[in-house]
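Before any comments, here is the structure.
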Amino acid sequence: MSRLVLIDGSSYLYRAFHALPPLTGPDGSPTGALFGVVNMLRATLKEQPDYAAFVVDASGPTFRDEMYPAYKANRPPMPDDLRAQIEPMLAIVQALGIPLLRVPGVEADDVIGTLALQARSKGIPVLISTGDKDFAQLVRPGITLVNTMTGTVMDEAGVQEKFGVRPDQVVDLLALMGDTVDNVPGVDKCGPKTAAKWLAEYGSLEGVMAAAGDIKGKIGENLRAALDRLPLNKRLVTIKTDVELEQGPEDLRPRPRDVAALRELYRRYGFNAALRDLEAGNGEGSGRRTPPGPSALAGETAEAPAEGLAAPGAYECITDRKALEAWLERLRDAPLIAMDTETDSLDPMRARLVGLSFAVEPGEACYVPVGHDYPGVPAQLDREWVLEALRPVLEDPDRPKLGQHGKYDLHVLRRHGVQVRGYAEDSMLESFVWNAGGQRHDMDTLAQKYLGYQTVKYEQVAGKGAKQIPFSAVSLEDAARYAAEDADITLRLHRVLSEKLAGEPRLMSVYRDIEMPLVPVLARMEAKGVLVDAEELRRQSEDLGRRMLAAQQRAHEIAGRAFNLDSPRQLGALLFDELKLPALVKTPTGAPSTNEEALEAIADQHELPRLVLEYRGLAKLRNTYTDKLPEMVNPDTGRVHTSYHQAGAATGRLSSNDPNLQNIPIRTEDGRRIRTAFIAPPGRKMVACDYSQIELRIMAHLSGDEGLLRAFESGQDIHRATAAEVFGLPLEEVSADQRRAAKAINFGLMYGMGAWGLARQLGIGRGEAQDYIALYFSRYPGVRDYMDRVRQQARELGYVETVFGRRLQLQEIHSRNAAQRAGAERAAINAPMQGTAADIIKRAMVSVDAWLQQHGDRADMLLQVHDELVFEADADFVDTLLAEVRRRMAGAAELRVPLVVDVGVGANWDEAH
DNA sequence: GTCGATACGTAC
DNA sequence: GACGTACGTATCGACG
């Protein structure tokens with residue numbers, strides 16, 4: 027049957043450019059993108075389509091620019107290295123005999139759309155080869171999409187599955203979502219999920235617009251704000267299918283290739299594999315080994331296009347000793363080993379090793395299964411034997427290793443008896459340091475962003491939800507495809523990201539001198555865990571439970587009926603509808619809030635609000651802490667092992683989860699009691715060391731404000747000193763209220779708070795709050811100048827940075843939305859202080875750990891809570907520890923103010939404060 | 001049963 | 001809308 031293949035040349039050129047390492051030809055000219063495209067074309071031709079066209083954008087404006095002058099205004103200019111590859115690409119396309127189309131005034135998309143519909147009307151099946159999701163709107167019987175980079179084929183069912191809408195709804199979906207790359211703003215906060223939901227409900231864009239008044243919440247407001255531009259969006263994203271063309275589908279027969287011209291071109295650009303095939307007289311792409319990935323075209327198993335793009339590479343599944351030894355040889359010779367482990371659990375403290383993968387060159391990776399277990403599983407190498415064989419490499423500090431979130435793999439291997447040394451690079455942390463604004467740093471996201479590559483998802487091999495199977499039950503074939511890709515992609519990501527970091531010495535230093543050395547330190551803290559008195563917590567749970575029940579019964583009594591105290595909605599209905607109490611606070615969606623502030627405000631008018639507050643406080647402690655922590659005790663170690671997320675907070679802070687040990691209560695009596703359950707074992711003590719007012723000290727340092735610096739140098743209570751300065755009083759005459767106000771200002775400023783917030787915080791009028799702030803700035807003019815400088819820098823550079831050079835990108839600093847922009851400005855104010863504090867304590871941790879490592883088992887670092895480090899130490903070692911930790915924490919940075927460290931010792935965490 | 005959004009509250 | 005950074009629990013409605 028005849029068939030038309032339409033190739034979206036621009037899309038592949040861009041993707042290949044970003045996906046492949048910056049290769050160069052024999053003469054040094056850039057060839058990376060060219061290489062990818064050529065391999066893709068050779069694979070396509072091997073399928074011998076009857077009709078084909080390579081479509082690229084012509085230069086000059088199109089009808090879309092006339093419709094919307096800002097169209098694609100965000101696009102950075104084409105990199106020179108890419109521009110240089112266009113002419114060679116077109117020459118190769120010509121030599122291969124593929125018809126080339128460039129039509130001025132429209133985009134390549136429109137040419138493809140028109141040809142696709144023409145062919146379909148003549149009964150010619152059409153395959154559109156592209157990496158651009160917008161083409162999903164053209165899918166219908168007879169028109170299919172294929173992405174040779176990811177090997178995915180998309181028909182109508184595929185569109186429905188991927189986008190959740192029918193192909194004819196895709197333009198509506200795209201109009202709602204907008205397209206940041208093309209500078210077409212959609213509905214704010216409306217992604218594919220929300221857009222698909224609306225379209226499912228209202229059928230079309232017009233239906234959604236008509237129903238805009240009924241859509242609740244902030245997203246509804248965003249929709250209403252965007253109504254005006256949606257029709258234009260739709261016209262912009264709609265691919266034209268009625269362009270006047272000189273050629274019809276039947277004019278697009280491939281010509282015979284020009285062997286002499288190809289030989290010359292391949293030779294010039296150093297495409298040796300292609301040249302070999304050409305000289306061997308093979309059809310394009312033949313003679314290569316079968317890749318493990320899905321096929322590029324038509325669903326049958328295609329051959330790998332040389333070292334190319336369509337398939338991820340040559341992946342080997344190792345099940346015999348000889349093969350492993352051959353790979354060991356490669357690992358020993360490699361300058362850097364990309365590695366990854368596969369296990370049966372996400373919990374690194376429980377996970378059992380199922381397999382390991384390695385890569386040393388992009389596109390070449392192996393998977394060593396050691397724990398697959400399903401009926402009919404082929405023979406695998408013995409786990410112990412494999413680990414013994416790998417041990418010399420993995421434990422050698424002089425053989426650098428690379429991973430993606432390698433802390434996890436370090437844990438797994440340690441628990442299987444291998445102490446990894448020389449863990450030198452981590453692509454997750456490279457990405458985090460390179461761009462800590464907003465996005466996630468998981469491999470799938472990074473592969474998409476930096477390589478333009480869609481990885482095989484875990485769900486694709488192991489399923490999800492109830493149907494998920496452990497990785498040990500995944501077939502060796504699927505596992506090898508997935509796992510080897512992980513190592514391969516990690517290596518490719520590292521090549522891209524390390525290059526970027528190399529051009530920014532300060533960022534490189536954050537990565538090299540702070541983040542990477544911290545990895546094994548965190549791993550040790552997590553592995554050690556903290557001892558928790560589960561019995562004590564159970565007793566507290568019982569006590570809390572009794573008091574909750576009493577509060578609940580009393581609340582139901584007063585209400586005159588039973589209701590769910592845990593349901594804000596039911597509570598709101600009772601308080602504000604039935605009892606007619608005033609609703610003084612609104613939630614972000616506009617509903618009356620029942621939060622603490624709202625209830626406090628009406629607590630003098632009715633008994634119920636106070637009881638609800640009582641109940642809430644008790645329920646929080648029990649549900650979140652006293653009930654849960656005992657469940658988190660690891661049966662093997664008898665301790666609780668949190669995980670620290672090193673790329674979690676955009677400012678550079680760590681975060682803690684499973685369980686979160688960075689938000690254990692301290693402010694209330696009942697809450698603090700939970701800390702008594704964090705204990706030291708017999709013969710040991712808990713030791714807590716925290717930085718005193720570190721962020722305010724950093725504000726003094728960064729602003730250089732004389733008054734603030736003096737206040738810290740005096741060594742006085744900083745809030746009292748601030749109050750004395752602001753109110754023009756001697757220290758001893760500062761009243762409690764004045765100190766409270768000064769404290770609120772000190773903290774509020776660091777968070778970018780305005781008069782409105784301060785007034786609310788202090789329960790005073792807005793005018794009075796504004797006066798306080800003005801007074802503060804008049805006494806500390808350096809602080810105001812600093813804040814102005816930071817906002818300025820954020821606007822000019824799009825990022826702010828810490829003392830050590832860590833950057834936070836602030837995408838929304840130029841948002842058209844005033845609230846978003848204001849939010850970004852507040853983040854800009856806060857990030858240098860919060861981030862510098864994070865840098866400092868991270869440096870301190872590395873330093874303290876290095877010292878602890880020299881002292882065997884006398885003490886262990888257990889926890890980090892942003893400005894505090896918690897240790898467990900032999901009782902007779904406590905004094906030594908205190909002196910050294912103080913010294914190293916205080917010495918972790920040289921600022922214009924001293925860093926002061928407060929310490930405490932006790933039998934439990936509460937006493938250590 | 002699972003998932004995502006919303007509300008709330010804990011820490012620094 | 002109004003104070004920065006996190007994580008966890010409960011409810012509730014949608015979905016299969």
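Numbered per the working numbering, the first sequence spans residues 27 to 939. A virtual CB, placed ideally from N, CA and C, is assigned to each residue, including glycine.
Cβ shell of residue i (< 6 Å), same chain only, five flanking positions each side left out
i, result
"Pro924", "none"
"Ala577", "Leu637, Glu640 and Tyr641"
"Ala385", "Ala364, Ala391, Ala513, Asp514 and Leu517"
8 Å Cβ cutoff met for residue i and residue j
i, j, result
"Leu354", "Val263", "no"
"Lys433", "Val545", "yes"
"Val380", "Gly402", "no"
"Ala462", "Gly678", "yes"
"Tyr641", "Ala581", "yes"
"Gly168", "Val152", "yes"
"Leu527", "Tyr537", "yes"
"Leu67", "Leu122", "yes"
"Val911", "Ser718", "no"
Spatially closest choice to residue i from the options, by CA coordinates
i, options, result
"Ser524", "Leu575, Asp504 and Leu455", "Leu455"
"Thr220", "Gly778, Leu249 and Asp160", "Leu249"
"Asp504", "Ala899, Cys392 and Gly246", "Cys392"
"Ala768", "Gln596, Glu827 and Leu722", "Leu722"
"Val196", "Phe161, Thr170 and Met180", "Phe161"
"Arg41", "Phe61, Tyr717, Ser230 and Arg538", "Phe61"
"Glu711", "Thr906, Gln818 and Pro282", "Residue 711 is actually Lys in this sequence, not Glu. Considering only alpha carbons, the answer is Thr906."
"Glu272", "Leu472, Ala238, Tyr508 and Val129", "Val129"
"Arg913", "Asp902, Ala901 and Val929", "Val929"
"Arg847", "Ser873, Arg817 and Ala863", "Arg817"
"Trp782", "Phe773, Gln796 and Pro708", "Gln796"
"Lys215", "Pro275, Ile245 and Ser230", "Ile245"
"Ala509", "Thr481, Asn772, Asp83 and Gln494", "Thr481"
Cβ neighbour criterion (16 or more within 10 Å) applied to residue i
i, result
"Met104", "exposed"
"Met859", "buried"
"Met871", "buried"
"Lys868", "buried"
"Trp935", "buried"
"Ala336", "Model confidence at Ala336 stands at a pLDDT of 36, short of 50, so the residue's coordinates are unreliable and nothing is read from them."
"Val207", "exposed"
"Leu823", "exposed"
"Asp399", "exposed"
"Ala899", "buried"
"Lys490", "exposed"
"Lys72", "buried"
"Asn298", "exposed"
"Gly555", "buried"
"Arg146", "buried"
"Leu30", "buried"
"Pro395", "buried"
Contacting residues, own chain, Cβ-Cβ under 7 Å from residue i (five flanking each side not counted)
i, result
"Leu225", "Val191, Gln195, Asp198, Leu199 and Val234"
"Arg821", "Ile839"
Chain-order list of residues whose beta-carbon lies under 8 Å from that of residue i (same chain, five-residue window excluded)
i, result
"Asn856", "Thr677, Met776, Tyr777 and Gly778"
"Leu600", "Ala585, Phe589 and Leu634"
"Gly443", "Leu413"
Beta-bridge partners of residue i, as assigned by DSSP
i, result
"Cys343", "Tyr393"
"Gln890", "Leu895"
"Glu451", "Leu428"
"Ile33", "Phe80 and Ser155"
"Ile6", "Given that the chain is displayed from residue 27 to residue 939, the structure contains no residue 6 and the question cannot be resolved."
"Thr369", "Leu379"
"Ala9", "The displayed coordinates of the chain run from 27 to 939. Any statement about residue 9 would go beyond what the structure contains."
"Met180", "Leu171"
"Lys612", "Pro618"
"Arg205", "Per the sequence presented here, residue 205 reads as Asp, with Arg not at that position. According to DSSP, which records beta bridges pairwise, Asp205 is partnered with Val210."
"Pro257", "DSSP lists no partner for Pro257."
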